[in-house]
Amino acid sequence: MEKEKIEKLQKLIDNSNKIVFFGGAGVSTESGIPDFRSVDGLYNMKYKYPPEQIISHSFFIARPDEFYDFYRDKLLIEGVKPNTVHKALAKLEEKGKLLAVVTQNIDGLHQAAGSKNVFELHGSVLRNYCQRCHKFYDDKFIKNSTGVPRCSCGGIIKPDVVLYEEGLDNAIIEGALNAIEEADLLIIGGTSLVVQPAASLIYYYRGKDIVLINKSETPADSKATLVFHDGLGSVFSALKI
Ligand code: ZN
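Throughout the sequence shown, residue numbering follows this note's numbering, covering 15 to 255 in sequence.
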C-alpha cells in the first residue's frame with residue numbers, strides 16, 4: 015500500500031465532517047464471518063441445497079426446519095467481535111465526523127463497536143420476531159432453540175433479515191439515502207458493488223470525493239478519487255483516527 019495514498023485518505027477524513035461509510039461483506043470477513051459471495055465463502059460449502067436457495071423467502075416458508083438448521087449453523091456465529099474497521103468508524107461518529115454507516119451486513123458488529131447511526135439494509139440476525147404477534151426475540155433465543163423456533167403465542171419466529179426474494183425496508187433505504195445525500199465524503203468498503211438495489215445507493219451522493227476500498231475491482235472504481243485494492247483492516251490500521 016502506498017504511503018502517499020494513505021496520506022491523501024487521512025487528509026480527506028481530517029477535512030470531512032459528514033462522512034458516510036457504505037460497507038459490504040469485506041467489513042465482516044476480518045472478524046471471521048464468511049462472505050456469501052467470495053470464492054471461499056458460503057457458496058462453496060457443502061450443503062444439501064445452495065445457500066442462496068436456503069436463505070430465500072420461499073424456502074423459509076416451505077422448509078423452516080431446514081432453514082433454521084442452516085441459519086443456526088452458518089449465520090448465527092458465536093464469539094465474533096468488532097474489528098479495527100468497526101472500531102474506527104464508531105470513533106469517527108463519536109468525534110462528530112461521521113454521519114452514518116450503511117451496511118449490507120447482518121451481524122450487528124457496528125453497533126457492538128459503539129456505532130449509533132447504522133442503516134442495516136439487509137436486517138440483523140440479532141433481531142427475530144414472531145410472525146403472528148410481532149414480539150421480538152434475540153439471537154441467543156434462536157441459538158438455544160431447536161427445530162423451528164416458536165413464540166409464546168405459538169407463532170413461527172422469523173429472523174429480521176431480508177431473505178432472497180424479499181424487498182428492502184423502505185424506511186431504512188430512505189434513511190440511508192438521506193445520509194448519503196448529505197455526506198461530504200463517501201467511503202465505500204469491502205463490497206464489490208454488484209448487489210442491487212444496495213449498490214445504486216451511491217448514485218445519490220452529491221459530494222466531491224469517493225474513496226473505494228475493496229480487494230478486487232468494482233464497477234465504481236472509475237468514479238472514485240482514491241481506490242485501494244487492499245483489505246479494509248490494513249487501510250484503516252494505517253490511519254490516525
Ligand atoms: Zn407471538
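Every residue, glycine too, gets a C-beta built ideally from N, C-alpha and C.
The model shown is predicted, which means the values in this text are computed figures rather than measured ones.
For residue i, three-class secondary structure by DSSP
i           : result
residue 53  : Here residue 53 scores only 47 on pLDDT, less than 50, and its place in the model is too uncertain to base an answer on.
residue 41  : helix
residue 146 : coil
residue 29  : coil
residue 160 : coil
residue 236 : helix
residue 169 : coil
residue 199 : strand
residue 82  : helix
residue 225 : strand
residue 151 : strand
residue 94  : coil
residue 266 : In the structure displayed, the chain extends from 15 to 255; residue 266 sits before or after that span and is not available.
residue 121 : coil
residue 189 : helix
Contacting residues, own chain, Cβ-Cβ under 8 Å from residue i (five flanking each side not counted)
i           : result
residue 152 : 140, 141 and 142
residue 91  : 46, 47 and 121
residue 161 : 79 and 82
Proximal residues to residue i (C-beta, below 7 Å), its chain only, five neighbours per side dropped
i           : result
residue 144 : 165, 167, 169 and 171
Neighbourhood of residue i by C-beta, 6 Å cutoff - its chain only, sequence neighbours within 5 removed
i           : result
residue 251 : 98
residue 149 : 165
residue 53  : Summary for residue 53: the model assigns pLDDT 47, below 50, so the residue's position carries little reliability; its value from the coordinates is reported in the next sentence. Closer than 6 Å at Cβ, skipping near neighbours: no residue.
residue 238 : 224 and 226
residue 36  : 116 and 202
Per DSSP, cross-strand counterpart(s) of residue i
i           : result
residue 137 : 175
residue 70  : 178
residue 115 : 35 and 132
residue 207 : Answer is none; residue 207 lacks a bridge partner.
residue 241 : 226
Proximity test, Cβ basis, 8 Å: residue i and chain D
i          : result
residue 40 : The chain labelled as chain D is not found in the depicted structure, where only one protein chain is given.
Rounded distance between the beta-carbons of residue j and residue i, thought under 8 Å
i           : j           : result
residue 190 : residue 116 : 4 Å
residue 34  : residue 194 : 5 Å
residue 246 : residue 204 : 5 Å
residue 111 : residue 30  : 6 Å
Inset, instruction - Would you check if there are 3 or more beta carbon pairs closer than 8 Å linking the segment 166 to 184 to the segment 66 to 81? - result: yes
Inset, instruction - Would you check if there are 3 or more beta carbon pairs closer than 8 Å linking the segment 161 to 168 to the segment 90 to 107? - result: no
Inset, instruction - For the segment 183 to 203 and the segment 76 to 85, state whether three or more C-beta atom pairs, one from each stretch, are separated by less than 8 Å. - result: no
Legend entry - Stretch pair the segment 118 to 133 + the segment 220 to 233: three plus CB contacts closer than 8 Å: no
Inset, instruction - Please list, following the chain, all residues that have a C-beta closer than 5 Å to any non-hydrogen atom of ligand 2. - result: The ligand content of the structure shown is limited to ligand 1, which means ligand 2 is not among them.
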